[in-house]
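>
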Amino acid sequence: MNRDDLLDLFRRSGALLDGHFRLTSGLHSPGYLQCALVLQHPEQAAALARAIADSSRSLRATVVLSPALGGVVIGHEVARALGVRAIFAERQDGGLMLRRGFTLGETDRVLVVEDVLTTGGSTRETMQVARAAGAQVVGAASIVDRSGGATGSEYSGVKLDVPFHALLAIDLPTYEPDKCPLCAQGLPVVKPGSRPVLT
């Protein structure tokens, strides 16, 4: 699956949105990728997951950990493709944590998987959840890297201390809210993501 195939898949699914969006990071952007619209189709989710699994297999992960809510579906499918456990961290009292009886230990090799990486905040927080439980984080992956990275490489605009791979790198501008030209034009802002933004 190449870049054009991925962009076509997002467009056909209505998942590549134009407008004025407030991202989970708090930044504003004229573009948004709603991965849930792609992942609602099991065959598409499975194909994306197989591609992520193929790029991550050499890391020998024993468990996939994803941040809820955006990473749950793709994380589960990547774990299925790798033949390992799939668990997720969810927000409670403002921070991500393991709940629902999920556990990690020092023998676990964790691959962190989410849908979209922008600033890397959710990925880093999820990595910290794994490390706090004593597990080793061996890598991270996402469907989309909108941080300024390059498709198909270990490079990302976000620096992580583990190997990172994304299927699609896309350059959508982001703005600090107080410097947003869309706000200056008076365009209403929409918050489409899954995590509430603290204002």
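Residue numbering for the sequence shown follows this note's numbering, beginning at 44 and increasing consecutively. The beta-carbon is built from N, C-alpha and C at its ideal position, and this holds for glycine as well.
Just verifying my parser: in three-state terms, what is the DSSP assignment at Val245?
Given a span of 44 to 242 for the chain in the structure shown, any question on residue 245 remains unanswerable.
> For the alpha helix (DSSP H) containing Ala122, list its first residue and its last residue.
Val115 to Leu125
> Using DSSP's beta-bridge definition, name the partner residues of Gly182.
Per DSSP, Leu154.
> Figure out for me which residue from Arg142, Leu203, Thr162 and Val187 has the closest Cα to the Cα of Val181.
Leu203
> Could you tell me which residues DSSP pairs with Gln135 in its beta bridges?
In DSSP, Gln135 forms a bridge with Gly138.
> Below 8 Å on the Cβ atoms is my contact criterion, and I expect Ala183 with Val205 to pass it. Report the Cβ-Cβ distance as a whole number of Å.
6 Å
> Alpha carbon to alpha carbon, what distance is there between Thr150 and Gly62?
A direct Cα-to-Cα measurement between Gly62 and Thr150 gives close to 45 Å.
> Measuring only from the beta carbon, is Arg134 closer than 7 Å to any heavy atom that is part of the ligand GTP?
The ligand GTP is not part of this structure, which contains no ligands at all.
> Tell me which same chain residues have a C-beta within less than 6 Å of the C-beta of Thr217, skipping the five on either side of it?
Leu70 and Ser72
> Would you identify the three-state DSSP class for Thr194, choosing helix, strand or coil?
Only weak support exists for where Thr194 lies, its pLDDT of 36 falling under 50; the value from the coordinates is given anyway. Three-state result, Thr194: coil.
> Confirm, please, whether the CB-CB distance from Asp214 to Gly191 is below 8 Å.
Result yes, Cβ atoms of Gly191 and Asp214 sit closer than 8 Å.
> On the criterion of 16 or more Cβ atoms from any shown chain inside 10 Å, does Asp188 qualify as buried, or is it exposed?
buried
> Within the same chain, show all residues whose beta-carbon is closer than 8 Å to that of Arg103, passing over the 5 residues directly before and after it, in chain order.
Arg152 and Val181
> Is the beta carbon of Val155 closer than 8 Å to that of Thr169?
yes
> Would you mind sorting Arg46 into buried or exposed? The rule is 16 or more other CB atoms within 10 Å of its CB.
With fewer than 16 other Cβ atoms inside 10 Å of its own Cβ, Arg46 counts as exposed.
> Starting from Leu203, trace the beta strand (DSSP E) both ways and give me its first and last residue.
In the DSSP assignment, Leu203 falls outside any beta strand (DSSP E) and carries neither an H nor an E.
> Which residues mark the beginning and the end of the alpha helix (DSSP H) in which Ala212 is found?
Per DSSP, Ala212 belongs to no alpha helix (DSSP H); it is in the beta strand (DSSP E), Phe207 to Ala212.
> Taking Ile117 as the reference, which of Ala94, Arg100 and Glu133 has the closest Cα?
Ala94
> How is Pro110 classed by DSSP in three states: helix, strand or coil?
The answer is strand: DSSP assigns Pro110 an E or B state.
> Taking just the CA atoms, how far does Cys78 sit from Leu60?
Near 11 Å, if we compare the C-alpha coordinates of Cys78 and Leu60.
> Applying the criterion that 16 or more other CB atoms from any shown protein chain within 10 Å of the CB defines a buried residue, is Glu120 buried or exposed?
buried
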